[in-house]
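Take the position in the sequence shown, starting the count at 1, then add 9; the result is the number in our numbering.
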Amino acid sequence: MIRKEKRNVPLYLAAMGICAAVLSGCGNDVQTEEELVIPRTEGTEGQAGMEDGSMNLFEEGQSGQAKGAADSVAAQVQAPERYQMEFQDGNIVFRVNAEFEIPDVPGIRTKKVTARFFTQEDYDIVNTVLLDGGKLWDRDYEAMAETQGFTVEELKKRIEMLEAEKANGVDGDASYDDTDRTLNQQLAEARAMLEAAEANGIAEAAVIKELPAVVEEGGTSGADWNQLDGFVTARGRDYSIYMLNHMDKTWRWTRFYVADYNYLYYGDYFTSEDEMKEVEERIEDAQIRPEEASAKAEEALAQMGIENFAVQGGEYVANYKLVGPEKEGRTEVDRIAYGVHAIRIVDGVPVSYTRQNANSMSGDETVSWPFEEMLFVYDEDGLVSFDWSAPYEIEDLSSDYVFLLPFSEIQNIFEQMIIKKEKDRFIEEGSSLEINIDRVCLSYMRVREKNAAEGTLIPVWDFFGTETYRGSGGEDFYIRKGEYESILTINAMDGTVIDRMYGY
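Quick look at the structure:
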């Protein structure tokens, strides 16, 4: 798998879309929506119980004396203290040893969700708290037109990098770096600009100009997309600022992104055990610890006054750099930091974060609307990045608490559908799949109908864990590992299986 450093947000968005398509493409067309619906069975009894204690937003390990069906969600769903089982179906090995996370609330209502734009207030609050109120600026590309905005030092580094690519075997006459220009053309261009800059005594330092940090709501398409671009300098670091306010009939894209020069990619998809071990070894030496990063994120949320959000958890993130010829796709870990996920809490029920972000499109699906996400990333020097996407407004749909199926019925659906969902995903005869589930969570998820511009928060069960695919020779095809990988999502009210890649 190739992982590159990305230095602008549009390329980052494209890369994430490609990654999602590659990783989900193995199995999303295996079953139809009708096949993924299991009708509710009558008269199935679950294992009752809950205990008095709770942890964070959830009650975990429900057991003991039930309060009664009307008293709490935990009593209504009657989850066992722990979910444990193991079986094999052909070339699929399936293991569950999972804790439960159930919100400690009396009941759950459905909510109407409507996408909203970022506002001037959003920008000002984030800028004040995270960036010390710094001014928005950018390079004066008109004044630096002769070098296309590069300084002399940057041109030297670019020439050195391009020459190294050629030396490593990259075809100089082929299109390079997602452009229609070849590597040789770009190398010649950089050399010519450097020669002119040194001869004319220009571009020794960047020419910058201050920009108005004015947030405007709305945006149509193409060049009319409403976006705010620039940089803010805070605590000795230059942060790239990108705010996109765009919604139309096919797109619900709103994103506020703050990052220093290097973005840190997630390190939880691996092509081999060796690659995974490399990241784990670097994590052991990381200078930033989870508790430190989480405390920083909690403090930032409190200072920003963003209501109804809380830190859910986090994970180490890795920045990868290419090694050797790009076509070989070899990478190594460059930097390690820690990412903290903040999630929305609605009436005491979390809207849990999952890696799948509803950004895929299928069939006649024409509305792209990712899930809301908020991520703080910290290293030993402080804030690396802040990413907030797809905020929304909420209103009640149901005045009464909704009916939730007993977990025993959810369990039956899960055990049938996880095999059905995975059975035809292998690319060669003799390959195998190992699935390990270690966490089962009841929380809100935003769902919608195809092509709909509005959504609904409904209660769902997520089964989190790890998938390891191996080829016919036993070699790793890829390892899907991470605390936030939802292997299967089930509607807690009617047992329908939901695809988080699509959001319905």
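Ideal Cβ positions, reconstructed from N, Cα and C, are used throughout, including at glycine.
Quantities reported herein were computed from a predicted structural model and do not represent experimental measurements.
Identity of the residue in the options nearest residue i by Cα
i           : options            : result
residue 93  : 163, 218, 417, 366 : 417
residue 192 : 178, 203, 205, 450 : 178
residue 564 : 212, 168, 292, 119 : Nothing about residue 564 can be reported from this structure: the residues present for the chain run from 10 to 513 only.
residue 403 : 301, 454, 152, 297 : 454
residue 399 : 385, 389, 405, 381 : 381
residue 499 : 444, 423, 458      : 423
residue 292 : 305, 328, 308, 309 : 328
residue 290 : 342, 316, 391      : 342
residue 496 : 300, 481, 104, 250 : 104
residue 315 : 463, 141, 351      : 351
residue 159 : 130, 201, 132      : 201
residue 257 : 502, 463, 480      : 463
residue 480 : 249, 443, 135      : 443
residue 390 : 132, 347, 472, 407 : 347
residue 533 : 254, 239, 184, 147 : Look at the range of the chain in this structure, 10 to 513, and you will see that residue 533 is not part of it.
residue 209 : 240, 97, 385, 153  : 153
residue 139 : 307, 430, 325, 425 : 307
residue 125 : 141, 401, 242      : 401
residue 99  : 452, 250, 428, 239 : 428
residue 385 : 397, 111, 250, 95  : 397
residue 101 : 508, 110, 426      : 426
residue 395 : 302, 268, 165      : 268
residue 449 : 494, 457, 458      : 494
residue 1   : 489, 508, 509, 203 : Past the edges of the chain, shown from 10 to 513, lies residue 1, and the structure says nothing about it.
residue 203 : 161, 118, 438, 441 : 161
residue 133 : 313, 458, 492      : 313
residue 514 : 513, 482, 254      : What is shown of the chain runs 10 to 513, which leaves residue 514 out entirely.
residue 392 : 96, 248, 432, 259  : 248
residue 295 : 194, 317, 378, 388 : 388
DSSP beta-bridge partners of residue i
i           : result
residue 468 : 453
residue 107 : 92
residue 364 : In DSSP, residue 364 forms no bridge with anything.
residue 235 : 254
residue 1   : Absent from the model: residue 1. The displayed extent of the chain is 10 to 513, so no value can be given.
residue 500 : 469
residue 132 : None; residue 132 has no bridge partner.
residue 158 : None, per the DSSP bridge assignment.
residue 202 : Answer by DSSP bridge pairing: none, since residue 202 is not bridged.
residue 137 : Per DSSP, none; premise fails for residue 137.
residue 429 : Looking at the DSSP assignment, residue 429 forms no beta bridge with any residue, so it has no partner.
residue 325 : 347
residue 123 : 402, 463
residue 98  : 101
residue 358 : 355
residue 506 : 499
residue 218 : 147
Buried or exposed by the 16-neighbour rule on C-beta atoms within 10 Å, applied to residue i
i           : result
residue 311 : exposed
residue 223 : exposed
residue 113 : buried
residue 515 : Outside the displayed span of the chain (10 to 513) sits residue 515, for which this structure offers no information.
residue 511 : buried
residue 501 : buried
residue 515 : The chain is shown only over 10 to 513; residue 515 falls outside these bounds and no answer can be derived.
residue 137 : exposed
residue 3   : Nothing in the structure corresponds to residue 3, since the chain is present only between 10 and 513.
residue 116 : buried
residue 81  : buried
residue 473 : buried
residue 439 : exposed
residue 214 : exposed
residue 221 : exposed
residue 64  : Because the pLDDT of residue 64 is 33, which lies under 50, any placement of that residue in the model is unreliable, and the question is left without a value.
residue 231 : Any reading at residue 231 must be qualified, since the residue scores a pLDDT of 48, below 50, and its modelled position is unreliable; the value itself is stated next. With fewer than 16 Cβ atoms within 10 Å of its Cβ, residue 231 is classed as exposed.
residue 41  : In this prediction, residue 41 has a pLDDT of 33, which is less than 50 and means its spatial position is unreliable; what the coordinates show is noted afterwards. So residue 41 ends up on the exposed side.
residue 525 : Because the chain is modelled from 10 through 513, residue 525 falls outside the range shown and cannot be assessed.
residue 286 : exposed
residue 87  : buried
residue 62  : With a pLDDT of 28 at residue 62, under the threshold of 50, the modelled position of that residue is not reliable, and the figure given next carries that caveat. Looking at its Cβ environment, which holds fewer than 16 other Cβ atoms inside 10 Å, residue 62 is exposed.
Check: residue i C-beta below 7 angstroms from any heavy atom of the ligand FMN
i           : result
residue 191 : The ligand FMN is absent from the structure shown, which contains no ligand whatsoever.
Go through the segment 237-320 residue by residue and report every complete run of the beta strand (DSSP E) that reaches 3 residues or more, in order.
246-256, 261-268
Along the chain, which unbroken stretches of the beta strand (DSSP E) at least 3 residues long are found entirely within the segment 164-196?
You should have found no qualifying run.
Below 8 angstroms, can you find three or more Cβ-Cβ pairs linking the segment 316-328 to the segment 346-359?
yes
Are there three or more Cβ pairs, one per stretch, closer than 8 angstroms when the segment 457-472 is compared with the segment 404-424?
yes
Count the C-beta pairs between the segment 259-268 and the segment 162-174 that are closer than 8 angstroms, then say yes if the count reaches three, no if not.
As far as the Cβ criterion goes, the segment 259-268 does not touch the segment 162-174, which means the pair count is below three.
List in chain order: all unbroken beta strand (DSSP E) runs of 3+ residues lying wholly within the segment 376-410.
382-388, 391-398, 401-405
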